[in-house]
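Chains as they are written, first to last, in full-length UniProt numbering: chain A, 1 to 263; chain B, 1 to 263.
Number of protein chains: 2
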Amino acid sequence: MSPQAPTADLKPGDAYVQSFARGLEVIRSFSARAPRQTLTEVATRTGLTRAGARRILLTLQTLGYVESDGKLFALTPRILDLGFAYLSSMPMWDVAEPVMEQLVEEVKESVSAAVLEGADIVYVLRVSTRKIMRNSLGIGSRLPAYCTSMGRTLLAGLPDEEVLRLLRSAPLEARTRHTLTDPEAVLARVQQARRQGWCLVNQELEEGLLSMAAPVVNRAGRTIAAINISGQVNRTTPRQMQESMLAPLRETARQISSRLTGA
Amino acid sequence: MSPQAPTADLKPGDAYVQSFARGLEVIRSFSARAPRQTLTEVATRTGLTRAGARRILLTLQTLGYVESDGKLFALTPRILDLGFAYLSSMPMWDVAEPVMEQLVEEVKESVSAAVLEGADIVYVLRVSTRKIMRNSLGIGSRLPAYCTSMGRTLLAGLPDEEVLRLLRSAPLEARTRHTLTDPEAVLARVQQARRQGWCLVNQELEEGLLSMAAPVVNRAGRTIAAINISGQVNRTTPRQMQESMLAPLRETARQISSRLTGA
Chain A
1 MSPQAPTADL
11 KPGDAYVQSF
21 ARGLEVIRSF
31 SARAPRQTLT
41 EVATRTGLTR
51 AGARRILLTL
61 QTLGYVESDG
71 KLFALTPRIL
81 DLGFAYLSSM
91 PMWDVAEPVM
101 EQLVEEVKES
111 VSAAVLEGAD
121 IVYVLRVSTR
131 KIMRNSLGIG
141 SRLPAYCTSM
151 GRTLLAGLPD
161 EEVLRLLRSA
171 PLEARTRHTL
181 TDPEAVLARV
191 QQARRQGWCL
201 VNQELEEGLL
211 SMAAPVVNRA
221 GRTIAAINIS
231 GQVNRTTPRQ
241 MQESMLAPLR
251 ETARQISSRL
261 TGA
Chain B
1 MSPQAPTADL
11 KPGDAYVQSF
21 ARGLEVIRSF
31 SARAPRQTLT
41 EVATRTGLTR
51 AGARRILLTL
61 QTLGYVESDG
71 KLFALTPRIL
81 DLGFAYLSSM
91 PMWDVAEPVM
101 EQLVEEVKES
111 VSAAVLEGAD
121 IVYVLRVSTR
131 KIMRNSLGIG
141 SRLPAYCTSM
151 GRTLLAGLPD
161 EEVLRLLRSA
171 PLEARTRHTL
181 TDPEAVLARV
191 QQARRQGWCL
201 VNQELEEGLL
211 SMAAPVVNRA
221 GRTIAAINIS
231 GQVNRTTPRQ
241 MQESMLAPLR
251 ETARQISSRL
261 TGA
């Protein structure tokens, strides 16, 4: 399904759209750093007036999505019904999880799945190894597409002009000394990923972190997700990773793709 | 944080609250059975008029939470930001996951964590074994509290009158021939769980399924979550489960509780 501009009779500036957007912004203002917030903190973080923030917090409390002791506000687990509606609406995950678990068993490294959201990747599934040094990224967390193996794999499913538009939508940060920060240079790697059907990213996101990804493709031939294996340079080299893990990774992505029914 | 009734100047019937509630209802109408819906389907599932459903879908589309090909609507991964806001706002999970992984390693059965939401438990973390027969419950999924070990453990953290109120809020369904369906009988098990600090539920949720849970308690002494181990009667008996797994389960819950910092 390709995104399409909404019809002209509803604009981002509409009062109705605005108030709904602000409600969702209030939800998103809660985080690990701000698990419980006062009214003033919510107002500051969202740019709302105190009166506006109060109205939205009380609305969320009335609906059971927020609880409060009168001073501090916190989200309730009812919030998960919203994200969970999305996850459960993607039939691929029931299919993907057991196949990904077999891959973890085989390669002894963590395996994840992500989808593209603008210029970011969003994690939708993760199967971790029992190793102590492990990737702590959970479901719903985001990373930029340009410097991650799943990101480049997902970008490879888009036309070049769309890839460049996304790469130019925000400055490409040099997260390590290896990170490619020129959109044209990243595009070349995306094109390589498209040609070969996989990609490996060597410490461009984080020093010491290696990652290799392959696409999950639906019956219409559209890339809908990516699967990756992540490793550590102190345990494996890019060459070793490619030799021992590329074939099982691609086979896993192929199996998930072939089992998708109309996704 | 104990839930408190919202202030009197905002009622569930308010226009603003209503419109926000309807927006969230539209999000929740998408599921594994209805991953892509037409305008008419959304209207039918939510009880909205076509015009009302259209206005909300276009709002969600404008905000990037819904995409459409013009006819079918689907949620986008941006929705996961909402659930992620909740999960990342609970500091316990970073602490809990490695401890739960050690428990899986030790007992070779799946381990989960859940919190109470009304009369339901909501899964917030799951560490599965690599066995083929495994519990397919993911994060955000719900089960009733009355017939689950985590549910009874969480209810044990509430006063008896509150437990009875929740147990009487909906009929207790006989999910198997073993399920207790009398609120007073369930309360007796909840009281037992409170006295002994753990509970075991034998095939009351599902034939063949055993489950044993212990509470996670914060510094204020409040039960904030439960941890469980689930097993299958064809691999273990309740007595074996108790002899071999109860001590490690309670130790895991104790470790998570002791590492909580102000949660």
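Where is the CB? At the ideal position from N, CA and C, for every residue including glycine.
Taking all protein chains shown into account, A/N234 has fewer than 16 neighbouring C-beta atoms within 10 Å of its C-beta and is therefore exposed. Residues G23 of the same chain have their beta carbon placed closer than 8 Å to that of A/T59, with the five preceding and five following residues left out of the count. In this structure, B/T76 places its C-beta atom within 8 Å of the C-beta atom of A/E117.
Using a 10 angstroms sphere on the CB of B/T62, the tally of other CB atoms reaches 16 or more, which defines it as buried.
In the three-state reduction of the DSSP assignment, A/A156 falls in the coil class, being assigned neither a helical nor a strand state. Look at A/Y123 here: in three-state DSSP terms it is strand. Counting the other Cβ atoms within 10 Å of the Cβ of B/T40 gives fewer than 16, which makes it exposed. In this structure the stretch 182 to 191 of chain B touches the stretch 152 to 165 of chain B; the number of beta carbon pairs closer than 8 Å is three or more. By a beta-carbon distance limit of 8 Å, B/G151 does not contact A/F84. Their separation comes to about 18 Å. B/L172 and B/A185 have their C-alpha atoms some 11 Å from each other.
With 16 or more neighbouring CB atoms inside 10 Å of its own CB, A/D120 falls in the buried class. When secondary structure is reduced to three states using DSSP, A/M212 falls in the strand class. Here A/R36 is bridged, per DSSP, to A/A74.
Excluding its 5 nearest sequence neighbours in each direction, B/I79 has C-beta neighbours in its own chain below 7 Å: I27, Y65, listed in chain order. The DSSP-derived three-state label of B/E117 is strand. Secondary structure of B/P144 (DSSP, three-state): strand. Neighbours of B/R28 in chain A, taken as residues whose beta carbon is under 8 Å from its own, are D81, L82, A85 in chain order. Distances from the alpha-carbon of B/G221 to those of B/L260, B/L57, B/L72, B/G47 put B/L260 closest.
Shown here, B/T59 sits in a helix according to DSSP, grouped into three states. In the three-state reduction of the DSSP assignment, B/T223 falls in the strand class, which pools E and B.
Taking C-beta atoms under 8 Å as the contact rule, B/I229 and B/V111 qualify, at a distance of about 6 Å. Where B/L200 is concerned, the enclosing beta strand (DSSP E) starts and stops at 199 to 202. Within chain A, the residues whose beta carbon sits less than 8 Å from that of B/Y16 are S19, R55, T59, listed in sequence order. For the C-beta of A/V122, the chain B residues within less than 7 Å are, from N- to C-terminus, P77, L80. Within chain B, no C-beta atom comes nearer than 9 Å to that of A/I224; the closest sits roughly 11 Å away.
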